[in-house]
Every structure is written in structure tokens, then in C-alpha cells.
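Right, one structure below, let's go through it.
2 protein chains.
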Amino acid sequence: MKPHVTERQSVKNTPTLREVGEHGVIQEIIAAAPSSLNGDDAAVLLPMAPNSRTVATTDMLVEGRHFRLDWSTPYQVGMKAITQNYADIEAMGARPIGALMALGAPLDTPVSVVREIAEGIAKRTGDYNTELVGGDVTQAEKITVSVTAIGALGGDREPLALSAARAGQKVVAHGKIGWSAAGWALLERFGTNLPDSSLQPLVDFHCSPVIDPGRGVIARATGATAMTDNSDGLVHDLTTIAKRSAVKINIFTNAVAPDELLVRAGELLDHDPWDWVLAGGEDHTLLGTTMKDAPSGFRVIGEVTRRNGDGVLTIDGQPARYSTGWESFPSDSALNSVCSLEEDR
Amino acid sequence: MKPHVTERQSVKNTPTLREVGEHGVIQEIIAAAPSSLNGDDAAVLLPMAPNSRTVATTDMLVEGRHFRLDWSTPYQVGMKAITQNYADIEAMGARPIGALMALGAPLDTPVSVVREIAEGIAKRTGDYNTELVGGDVTQAEKITVSVTAIGALGGDREPLALSAARAGQKVVAHGKIGWSAAGWALLERFGTNLPDSSLQPLVDFHCSPVIDPGRGVIARATGATAMTDNSDGLVHDLTTIAKRSAVKINIFTNAVAPDELLVRAGELLDHDPWDWVLAGGEDHTLLGTTMKDAPSGFRVIGEVTRRNGDGVLTIDGQPARYSTGWESFPSDSALNSVCSLEEDR
Numbered sequence: 001m002k003p004h005v006t007e008r009q010s011v012k013n014t015p016t017l018r019e020v021g022e023h024g025v026i027q028e029i030i031a032a033a034p035s036s037l038n039g040d041d042a043a044v045l046l047p048m049a050p051n052s053r054t055v056a057t058t059d060m061l062v063e064g065r066h067f068r069l070d071w072s073t074p075y076q077v078g079m080k081a082i083t084q085n086y087a088d089i090e091a092m093g094a095r096p097i098g099a100l101m102a103l104g105a106p107l108d109t110p111v112s113v114v115r116e117i118a119e120g121i122a123k124r125t126g127d128y129n130t131e132l133v134g135g136d137v138t139q140a141e142k143i144t145v146s147v148t149a150i151g152a153l154g155g156d157r158e159p160l161a162l163s164a165a166r167a168g169q170k171v172v173a174h175g176k177i178g179w180s181a182a183g184w185a186l187l188e189r190f191g192t193n194l195p196d197s198s199l200q201p202l203v204d205f206h207c208s209p210v211i212d213p214g215r216g217v218i219a220r221a222t223g224a225t226a227m228t229d230n231s232d233g234l235v236h237d238l239t240t241i242a243k244r245s246a247v248k249i250n251i252f253t254n255a256v257a258p259d260e261l262l263v264r265a266g267e268l269l270d271h272d273p274w275d276w277v278l279a280g281g282e283d284h285t286l287l288g289t290t291m292k293d294a295p296s297g298f299r300v301i302g303e304v305t306r307r308n309g310d311g312v313l314t315i316d317g318q319p320a321r322y323s324t325g326w327e328s329f330p331s332d333s334a335l336n337s338v339c340s341l342e343e344d345r
Numbered sequence: 001m002k003p004h005v006t007e008r009q010s011v012k013n014t015p016t017l018r019e020v021g022e023h024g025v026i027q028e029i030i031a032a033a034p035s036s037l038n039g040d041d042a043a044v045l046l047p048m049a050p051n052s053r054t055v056a057t058t059d060m061l062v063e064g065r066h067f068r069l070d071w072s073t074p075y076q077v078g079m080k081a082i083t084q085n086y087a088d089i090e091a092m093g094a095r096p097i098g099a100l101m102a103l104g105a106p107l108d109t110p111v112s113v114v115r116e117i118a119e120g121i122a123k124r125t126g127d128y129n130t131e132l133v134g135g136d137v138t139q140a141e142k143i144t145v146s147v148t149a150i151g152a153l154g155g156d157r158e159p160l161a162l163s164a165a166r167a168g169q170k171v172v173a174h175g176k177i178g179w180s181a182a183g184w185a186l187l188e189r190f191g192t193n194l195p196d197s198s199l200q201p202l203v204d205f206h207c208s209p210v211i212d213p214g215r216g217v218i219a220r221a222t223g224a225t226a227m228t229d230n231s232d233g234l235v236h237d238l239t240t241i242a243k244r245s246a247v248k249i250n251i252f253t254n255a256v257a258p259d260e261l262l263v264r265a266g267e268l269l270d271h272d273p274w275d276w277v278l279a280g281g282e283d284h285t286l287l288g289t290t291m292k293d294a295p296s297g298f299r300v301i302g303e304v305t306r307r308n309g310d311g312v313l314t315i316d317g318q319p320a321r322y323s324t325g326w327e328s329f330p331s332d333s334a335l336n337s338v339c340s341l342e343e344d345r
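Order-wise, the sequence lines are chains A and B. Residue numbering for the first sequence follows full-length UniProt numbering, beginning at 1 and increasing consecutively. Residue numbering for the second sequence follows full-length UniProt numbering, beginning at 1 and increasing consecutively.
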């Protein structure tokens with residue numbers, strides 16, 4: 001079941017941004033995602049605990065490149081924009097405390113599209129007990145959703161850095177791995193007319209990946225030292241940790257093997273589901289390292305095996321096959337080594 | 001003298017974003033605007049003083065709508081993106097502590113354009129002793145610079161709110177008023193071939209407005225209560241304060257009268273320079289109210305005359321003529337009342 005299934009075609013009779021003007025657009029956003037912190041030149045966020053530090057990250061989603069409105073509802077786009085930004089905050093071990101959205105859109109965009117994006121943002125910021133605290137709207141050729149997330153890092157413990165994996169640690173994961181890429185492959189082949197409705201969760205997860213709020217904070221509180229989110233692909237993102245930490249990381253095949261849905265989607269598409277697991281990305285799964293037991297909500301998927309390493313990532317001891325994930329500007333050289341899954345995105 | 005006068009035409013032989021790829025683009029940005037806080041999933045900002053609150057704002061600049069690269073250098077675009085975001089932080093009485101940039105650009109954009117935008121950002125963030133602490137890059141149809149500014153509001157004194165003007169206060173201003181609009185009008189008529197080089201400062205100010213760092217913090221520390229920045233036009237922005245504070249504000253003609261450069265530009269263009277002063281906007285001048293003397297760097301331009309007012313703004317006691325400023329999505333009704341200066345933007 002897709003929430004807010006309104007699509008562009010069906011909302012042609014609602015007013016456009018041209019008709020309601022900037023003030024009207026802003027009112028729609030504020031009505032859908034209200035915050036008493038919004039409405040002045042800048043948002044003053046709620047006071048944080050003593051010693052807490054501010055954490056910030058930003059991601060821009062562009063229509064046609066990061067989402068298609070014939071595949072995703074505007075509501076899902078809004079949710080995804082928050083999920084992926086908040087995942088970056090959580091990957092530092094910090095707690096999201098608010099988000100801002102700069103929105104660009106063509107004048108003929110139905111205002112309902114903007115409202116539904118804001119509703120998706122309100123839903124997902126609300127899941128973290130936060131709000132959309134500020135933003136900007138402007139005319140653009142494509143719908144462009146640029147979200148910035150602000151977080152609070154409590155206490156004086158170190159943030160979960162890419163460079164802080166240590167030999168002897170477990171590699172732990174919270175969230176699906178490979179689902180977003182499989183969902184994209186299904187949409188690319190079938191559009192929204194899926195021949196096997198049992199695969200709908202993969203499509204939904206691509207349109208709006210979900211991770212449980214608070215897992216990064218829990219992981220930092222219980223001994224994790226390094227963390228990232230699976231945005232560019234499992235091999236790519238864990239290789240980044242391995243390189244930045246100068247360690248060797250080994251992934252256990254059994255722990256990340258394609259699940260039943262991925263296998264079924266692979267059969268339907270005649271595609272190796274390991275591609276999605278290893279190179280897919282965009283799941284925003286939290287990937288961390290810890291000397292302790294896996295934090296609640298996390299499972300063990302590998303081990304950090306060597307310090308003073310060369311950043312090598314292996315799978316059951318064999319060199320990982322996929323080194324290139326998502327590229328915002330695919331260069332000629334990058335395209336040659338990128339897997340088929342990514343080439344057309 | 002325009003800094004970094006490299007323009008698109010002259011850099012066709014430098015590599016494009018397609019050629020250098022995402023990693024190359026990010027490296028260019030980090031080289032031009034380095035920060036040791038950058039490079040992880042999110043930036044952890046430096047610890048703030050006890051009791052300080054985090055302040056955040058965002059603005060999106062789109063090529064062809066907010067800037068033209070045949071008018072502005074990429075360096076100026078980068079500077080302007082920081083100035084206008086930091087002005088919003090200052091307008092709360094807060095101190096900017098860092099910025100993030102999400103950048104969208106076409107694949108055929110010369111990488112030097114991105115580097116120069118980042119250099120402009122580094123210059124202007126450096127003016128405030130801050131850094132570009134994070135960002136995102138992606139493919140887009142138009143160059144899109146979405147900057148988020150983070151600030152710190154020290155102590156427990158209230159931020160400078162739009163709703164905090166009080167009867168009996170002085171209205172004070174720091175910065176030029178009308179220069180940006182006059183510069184735009186000159187560019188619109190003459191392009192960059194200005195017939196009178198003495199008017200170049202107006203053009204430069206449009207391409208990259210400048211306010212002195214720290215004025216908002218000083219104003220808050222010395223008794224100001226309300227503040228905004230002149231982004232949508234003097235009448236529009238002061239009317240916002242008047243309405244939100246339920247007061248009446250009166251502006252002194254003598255204090256905002258067009259200066260010599262504005263008068264000369266008006267003669268050259270056969271245009272009333274008062275238009276630029278009253279409805280121009282984009283100067284990012286700080287406009288505040290205070291019961292005390294004007295803070296250093298500020299001058300008195302008016303008075304708050306009535307509490308429980310209806311948000312009326314007058315000029316020497318006469319109702320202000322211009323009520324509509326910059327519109328991101330000019331609606332039909334707004335277009336009818338907008339001044340000629342704004343219609344084509």
C-alpha cells in the first residue's frame with residue numbers, strides 16, 4: 001500500500017505554484033510541517049544539554065535523478081529526504097534535532113505536490129520527535145529538495161568517525177541491505193505495474209527507505225566507535241571506513257546473503273541479487289564497528305581483522321568485487337568500472 | 001575590479017564535471033574551502049559556550065534566477081551565498097559558526113566554476129572565522145547553490161525576533177540600501193559594459209553584497225530586540241517587523257534618501273532611485289530596532305511609534321508606497337502590484 005498515492009497526472013486541477021505565489025507555497029509547507037521554531041530569519045533550536053555539540057549534514061535530491069514522480073509519491077520523496085539526512089546524523093552517533101528544506105520547483109508544479117513533500121517531511125521528522133524548522137522556496141527547472149539536518153552530540157565521548165574502526169572489532173549493521181537497489185531495478189523494468197505483488201516492499205523501500213530512529217545514539221552509547229550509512233553501496237561504504245581507519249574489514253557471506261525477497265526479485269529480473277547487496281546503496285542502513293556485543297537493533301555482519309591495514313575489504317577472506325557505488329557525476333573512468341546496476345541511474 | 005573574472009566562455013578548455021567525476025569535484029571544493037570538520041557523514045561543529053543555542057537557516061540560489069554567470073563571477077556567487085545566509089544568522093543576533101553547501105550542476109560545467117564558487121565561499125566564511133564544514137554534490141540542469149548556515153546564540157538573552165519591536169524604539173540599519181537593485185538594473189540595461197565606470201560599485205554590490213561580520217551580535221549585546229535583513233525590500237521587510245510586532249514603524253526620508261551613486265544611476269537609466277531604496281531588496285542590510293543608541297556600525301533610519309498597531313509602515317508619516325518585494329513564485333495577483341524593477345527577475 002503506497003501512502004498518498006496522488007500523482008502528477010491526477011492533480012492537474014489543483015492550483016500551481018504560479019497561481020498561489022511564494023507566500024501561498026510557504027503557507028502550504030508550514031501547514032503540512034508546522035514548527036513554532038519556524039518563521040523568523042533563522043530557526044533557534046531548542047537548548048541542548050551542557051557539553052553537547054552541534055552536528056550538521058546536507059543532501060540534495062533532484063527530480064529525474066534521485067526520484068521520479070511516476071515511481072514515488074511526493075510524500076515518499078519528503079520522507080526519503082529526511083531519512084537519508086538523519087541517517088548521516090545517526091551515523092555520527094548523534095540525535096537529530098531539526099531539519100531545514102530549500103525547495104526548488106517549476107511554476108507549473110501543482111501546489112499539492114509541495115504540500116505532500118512537506119507532509120512526508122513532517123511524518124519522518126516527527127518519527128524522531130523533531131520538526132522542519134526552516135526553509136526556502138524558489139523557482140527551478142526540476143523539483144529540487146535540498147535538506148539540511150541538524151543533530152546534537154551529547155557528552156564528551158567521540159563521535160562515530162569513519163576513521164575509528166579498530167582491529168578486533170565486530171562490524172554491525174542496522175537495516176536492510178540491497179532492498180533499495182532491487183526496488184529500483186523492479187521499477188526500471190516494470191514501472192509501478194509489478195507482476196508479483198509480494199515484491200512491493202522492495203519498491204516501497206527504494207521510494208522511501210526506513211531505519212529505526214535512535215540506533216546511532218544507542219550504538220555510540222554502547223561502545224561503537226566507527227559508523228557510516230549505506231548510501232553508496234556496502235562494499236564502497238565499508239571500504240571507506242577501512243581506508244580511513246587503516247584497517248582490514250572482512251564481511252561474512254552468510255550475514256549479508258540476499259534474503260528471500262531479493263532472491264525472488266533476482267529470478268524475476270534474471271539478475272544476480274548479490275549485485276544489489278554489495279553495490280546497491282541508498283538503503284541508509286547504519287554500518288558500524290564495535291568491540292562490544294552488537295547494539296540492540298544491530299546484527300553482526302563482519303569483523304575488523306588488521307590494524308595498520310591498507311583499507312582492504314574482503315568477503316569471507318576473498319577480495320570484494322565491487323569497488324564503485326553511486327556517482328553523482330559519473331566520470332568516464334568511473335563508468336568503466338561501475339556495475340550495470342548503476343550505469344543508467 | 002572584479003575578482004576572479006574567469007567566465008564560462010574562457011574556461012571551456014578546463015575539465016568538466018563529467019571528466020573529473022564526483023570524487024574530483026569534491027576534492028576541488030575541499031581544496032578551495034578546506035575544513036578539518038568536513039569529510040565524515042556529518043560535520044561536528046566546535047563546542048559552543050554553555051547555554052548557547054544553535055541557529056540555522058537555508059537559501060537556495062539557482063543560475064538564471066538568482067545569478068547569471070555572464071554578470072557575476074562564480075567567486076561572487078559563492079560569496080553572495082554565504083553573505084545572505086550569514087545575514088539571516090546575524091539578524092537573530094547570533095554568530096555564524098559554519099556553513100554547508102549542496103551543489104547541483106550540469107555535467108558539462110567546467111570544474112573551475114565549482115572551484116571558484118568554493119573559493120568565494122571560503123573567502124566569505126573566512127571573513128567570519130568559520131569554514132565550509134560539509135556539503136553534497138549532484139547533477140542538475142542549472143547550477144544550484146543551496147547553502148545552510150549554522151550559528152550560535154550565546155547566553156540566555158532572547159534572539160532578535162521579527163515580533164520584538166516595541167513602541168519608542170529607534171529603527172537602525174547597517175549596510176547599503178538600494179545598491180543591489182540599482183546594480184541589477186545597470187546590468188539589465190548595459191550588461192557588464194558599463195558606460196560610467198564610477199557606477200561599478202553598484203554592480204559589484206549586486207553580484208556580491210557585503211555587510212560587516214558581527215553586527216548582529218553587537219546589536220543584540222547592546223539592546224536591540226528585533227532585527228531582519230533587507231532581502232525582499234526595505235518596505236516589505238520593515239512591514240513584516242511592524243506586522244509581527246503589532247506596531248507602527250515610521251521611516252525618515254532623509255536617512256534613507258538615495259545616495260550620490262544611486263542618483264547618478266537613476267539619471268543614467270531614467271529611473272526613480274527611490275524604487276531601489278524602498279523595494280529593491282537583496283542588499284542584506286541589517287534592519288533592527290532598539291531602545292538604546294544605534295549600535296556601532298548602525299545608523300538611525302526611523303522610529304517605532306505605536307504599540308498595538310496594525311503593522312503599518314510610513315515614510316515621514318505618509319503610507320509607504322511599495323508593499324511587494326521579491327517573489328520566488330510571482331503569482332498573477334502579486335505581479336499586478338509588483339514594481340517594474342521586480343517583474344523581469
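Virtual Cβ for every residue (Gly too), placed ideally from N, Cα, C.
Closer than 8 Å to the CB of residue 102(A) there is at least one CB belonging to chain B.
Residue 74(A) is outside the set of residues whose beta carbon lies under 8 Å from a beta carbon in chain B. Within chain B, the residues whose beta carbon sits less than 7 Å from that of residue 141(A) are 141, 142, listed in sequence order.
Cα atoms of residue 130(B) and residue 271(A): separation of roughly 48 Å, rounded to the nearest angstrom. Here residue 318(A) is exposed: its Cβ has fewer than 16 other Cβ atoms, across all protein chains shown, within 10 Å.
At a cut-off of 8 Å between C-beta atoms, residue 79(A) does not count as an interface residue with respect to chain B. With contacts defined by Cβ atoms closer than 8 Å, residue 295(B) and residue 218(B) form a contacting pair. Closer than 9 Å at the C-beta level to chain A, one finds these residues of the segment 118–134 of chain B: 133, 134.
Under the DSSP assignment, residue 260(B) falls in the alpha helix (DSSP H) whose first and last residues are 260–269. For residue 150(B), the uninterrupted beta strand (DSSP E) segment begins and ends at 144–153.
When DSSP states are grouped into helix, strand and coil, residue 307(B) belongs to the strand group. If you check the CB distance, residue 75(B) and residue 116(B) come in under 8 Å.
As the crow flies, the alpha-carbon of residue 105(B) is around 28 Å from that of residue 24(A). Contact holds between the segment 278–292 of chain A and the segment 232–240 of chain A, because three or more Cβ pairs, one in each stretch, are under 8 Å apart. The shortest CA-to-CA distance from residue 181(A) to any of 212(A), 43(A), 274(A), 108(A) is the one to 274(A). Judged by their CB atoms, residue 58(A) and residue 148(A) are nearer to each other than the 8 Å cut-off. Look at the segment 151–171 of chain B: the residues with a C-beta under 7 Å from a C-beta of chain A are 151, 153, 159, 161, 162. Residue 162(A) is positioned such that its CB atom lies no closer than 8 Å to that of residue 215(A). Put simply, the CB of residue 229(A) is near chain B, with a gap under 8 Å to one of its CB atoms. Under the Cβ criterion of 8 Å, residue 50(B) is counted among the residues facing chain A. For the C-beta of residue 234(A), not a single chain B residue is nearer than 9 Å; the gap to the nearest is close to 15 Å.
Each of 185(A), 183(A), 212(A) was checked against the Cα of residue 173(A), and the nearest Cα belongs to 212(A).
Identification of chain B residues near residue 146(A) by a Cβ-Cβ cut-off of 7 Å yields 60, 102, 146, ordered along the chain.
Considering only 277(B), 242(B), 244(B), the residue with the shortest C-alpha distance to residue 254(B) is 277(B).
For residue 249(A), no CB of chain B lies under 8 Å from its own CB, so it is not counted at the interface with that chain. Within chain B, not a single residue places a beta-carbon under 9 Å from that of residue 283(A); the smallest gap is close to 14 Å. By the Cβ test, the segment 14–32 of chain B is not in contact with the segment 30–42 of chain A, since fewer than three Cβ pairs between them sit closer than 8 Å. Only exposed fits residue 49(A), as fewer than 16 other CB atoms lie within 10 angstroms of its CB. 8 Å or more divides the Cβ of residue 221(B) from the Cβ of residue 133(A). Contact of residue 89(A) with chain B by beta-carbon distance below 9 Å involves 41, 42.
Here DSSP, grouped into helix, strand and coil, assigns residue 227(A) to strand. Taken through DSSP and simplified to helix, strand or coil, residue 234(B) comes out as helix. The beta carbon of residue 20(B) lies closer than 7 Å to those of 111 in the same chain, with the five residues before and after it left out. In the DSSP assignment, residue 105(B) falls within the unbroken beta strand (DSSP E) covering 95–105. Within chain A, the residues whose beta carbon sits less than 7 Å from that of residue 92(B) are 40, 41, 42, 44, listed in sequence order. In this chain, the beta strand (DSSP E) harbouring residue 53(A) covers 53–62.
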